[in-house]
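Okay, structure first, notes after.
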Amino acid sequence: MDQPNIQPKITPIYQTSVFKFEDLDAVQQYFDEPGSRYLYSRNGNPNSDELATAVAHWEGGAGAVATGSGMAAIFAALLTYCQAGDHVLCAADIYGGSAALLNLELARLGIAVTYVPFDSLYNLAAYVQPTSRLLLCETMSNPLLRVVDLRAAADECHRHGLKLVVDNTFSTPVLTRPLAYGADLVLHSVTKYLAGHSDVTAGAVVARTLEDVARLRQIGIVFGLTLSPMESWLAVRGMKTIRLRVAAHSENALVVAEFLNEHPAVQAVYYPGLPGHPQHALATLQGAGRFGGMLSFRLPDDAAMVNRFMQRSQRFPFAPSLAGVDSSCSHPLYTSHRALTDAQRAELGITVGLVRLSVGIEPVEELLADLAHALD
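Last residue of the sequence shown: 380 (the working numbering), numbering continuous.
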C-alpha cells in the first residue's frame, strides 16, 4: 500500500536522537553540504532549527542557535568573542545568573570581568582594558527596570573595538530589536516571554553576522548546548502568540504600576511606563509606546511585611521566574540576585523590601483587587 501524502500544517516533533543515512555517499553529503540533512540531534534537529529561525526572524539577525536554557545562551554568547586571558565589561544592573557565570565559572577559565555602573555605560574609557572584548547589558535591567540607550551603548562599544551583547529577555523583540540599534549579539531566556507559558526551559542567541552564527553553532555542538526537540516544539508553539501576549502584558503592567504608585504602603515603583521613570522617554522610543510586563516595587525593609504580602496574594504567587501568562512575584534578594555580593546588592538597592512582579494577561481588575487585598 502506498504511503499517504502527509503535509502537516504544524512541524511534527522529531523526537529522535539520530537520523538514518542510505550509504557513505549520504554521510559525505552531510559534511560537504551543511544544512542539507541531519545527523545527530546534538548537531541539529528540525525542531531546534525551526525555533532558531523564528527567533532570528523576530530579531532581524543573520541566524541564531537554540540552547537548553537562558544561562546556556549567555554562556554561548560570551564564548563567541572570549577566550582565556580576555576581559569582559558587564553592566552592574544585571541578572544574578549572569553575574554568577562571570564571577564563578568564567573567572575560573581565565576570563575577567569588570562591572560598569549604569551611568557609565556610554563612557567606557575608564573601564576598557587592552584585553576587553565586549559589554554585556540588558535592554531593561533585572530587577530595577533601567532602560539602556542601545544606540549610544553600541556606538561607545564600537568606538573602543568592543562587541555589544544584549540580553533582550525583558523587552522581547516585539518591543525592541537591539540589532537594529547596533548590537552584535542578542540573547534570550526563551523560557520567559518567547515561549510564554511557564512550561519550557530554553534559550537562544541571535547574531548580526554569518561569521558569528557559525561560531555560535560550533559552540552549541561542541559544548552540547542544543535544545531538545520537545522543548523546541513547545517554544515555537508559544511564539505564535507572542505579539498578542506582550501587548496584553504591557497593558496590564501599566495599570498595575499606576495602582501601586498611588498606594500608601508602596515606597517606590520601578516601571518604564510611568512618566516619572528616569528613562521613560527612551523606553517610549525603543519600545514603540509599550513597556513590557515586568515591574518592581519597594515595601519597607521588613521581611515580615514582605512575607505577609506574599501570603495574602493569590494572583501573584511567589514563583521565582517570570513572563508566563499567569502573574507571579519574585524576590531578587532571596532568589535571582543571591549570587551578587553584599556590596553589589547594596549599591543597586536590592534589599529585603524590593519585590518584582511579572504581570500576566488575566483580567486586570482581578489583579488590582488581589494587590489591594495583599497590601491592606
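Each residue gets a CB set at the ideal place from its N, CA and C atoms; glycine is no exception.
Notebook entry, point to check: Is there contact between the stretch 136-145 and the stretch 252-260, where contact requires at least three CB pairs shorter than 8 Å?
Noted result: no
Problem set entry | Same chain, Cβ closer than 7 Å to Asn265, neighbours up to 5 away in sequence not counted | As a first step, residue 265 must be located in the sequence shown, where it is residue number 261. The residues are Val273, Leu278.
Entirely enclosed beta strand (DSSP E) segments - the stretch 113-191, minimum 3 residues
116-120, 136-142, 167-171
As assigned by DSSP and simplified to three states, the class of Arg302: Taking the sequence shown and counting its residues from 1, one reaches residue 302 at position 298. The answer is strand: DSSP assigns Arg302 an E or B state.
Could you tell me whether the Cβ atoms of Leu358 and Phe301 are closer together than 9 Å?
Mapped onto the sequence shown, residue 358 falls at position 354. Mapped onto the sequence shown, residue 301 falls at position 297. Their beta carbons are under 9 Å apart, which means Leu358 touches Phe301 by this criterion.
If Glu63 sits next to Arg137, beta carbons under 8 Å apart, how far is it from one beta carbon to the other, in whole angstroms? Residue numbering aside, residue 63 sits at position 59 when the sequence shown is read from its first letter. Residue numbering aside, residue 137 sits at position 133 when the sequence shown is read from its first letter. With a Cβ gap of about 21 Å, Glu63 and Arg137 do not count as contacting.
Which term fits Arg249, buried or exposed, when burial requires 16 or more other beta carbons within 10 angstroms of its beta carbon?
-> The count along the sequence shown starts at 1 and reaches residue 249 at position 245. With 16 or more other Cβ atoms within 10 Å, it is buried.
* Asked: So Val359 is in the beta strand (DSSP E); what residue range does that whole segment cover?
  -> Residue 359 sits at position 355 when you count from the first residue of the sequence shown. Note, Val359: beta strand (DSSP E), 358-362.
Practice problem: Evaluate the contact criterion for the stretch 356-370 versus the stretch 112-128: three or more CB pairs, one atom per stretch, below 8 Å. | Solution: no
Item checked: Residue range of the beta strand (DSSP E) that includes His91 -> Against the sequence shown, residue 91 aligns to sequence position 87. Here the beta strand (DSSP E) through His91 covers 91-95.
List the residues that DSSP assigns as beta-bridge partners of Cys66.
Against the sequence shown, residue 66 aligns to sequence position 62. Rather than Cys, the amino acid found at residue 66 in this sequence is Ala. Per DSSP, none; premise fails for Ala66.
*Report the rounded CA-to-CA distance for Gly185 versus Leu154, giving the unit in angstroms.*
Start at 1 with the first residue of the sequence shown, and residue 185 comes out as number 181. Start at 1 with the first residue of the sequence shown, and residue 154 comes out as number 150. Correcting the residue identity first, residue 185 is Tyr in this sequence and not Gly. Answer to the nearest angstrom: the Cα atoms are 6 Å apart.
Q) If you count every other CB in all the chains shown that lies within 10 Å of the CB of Ala285, and 16 or more means buried, which is it? A) Numbered from its first residue, the sequence shown carries residue 285 at position 281. By the neighbour-count rule (16 or more Cβ atoms within 10 Å), Ala285 is not buried but exposed.
* In angstroms, rounded to a whole number, what distance separates the CA positions of Ala104 and Asn256? -> Here residue 104 corresponds to residue number 100 of the sequence shown, with the count starting at 1. Here residue 256 corresponds to residue number 252 of the sequence shown, with the count starting at 1. Using only the alpha carbons, I get a separation of about 32 Å.
query = Which runs of the alpha helix (DSSP H) fall wholly inside the stretch 29-59 and span at least 4 residues, in chain order?
reply = none
query: For Met75, which residues from the same chain have a beta carbon less than 6 Å from its beta carbon, with the 5 sequence-adjacent residues on both sides left out?
result: Within the sequence shown, residue 75 is the residue found at index 71, counting from 1. Around Met75: Gly101.
In this structure, how does DSSP classify Ala272 when only helix, strand and coil are distinguished? For this step, residue 272 is matched to residue 268 along the sequence shown. Strand.
Helix, strand or coil: which one does DSSP assign to Val22? Here residue 22 is taken as the residue at index 18 of the sequence shown, counted from 1. In this structure, Val22 counts as strand in the three-state DSSP scheme.
_Chain-order list of residues whose beta-carbon lies under 7 Å from that of Ile3 (same chain, five-residue window excluded)_ = Any answer about residue 3 is impossible in this case: the structure gives the chain only from 5 up to 380.
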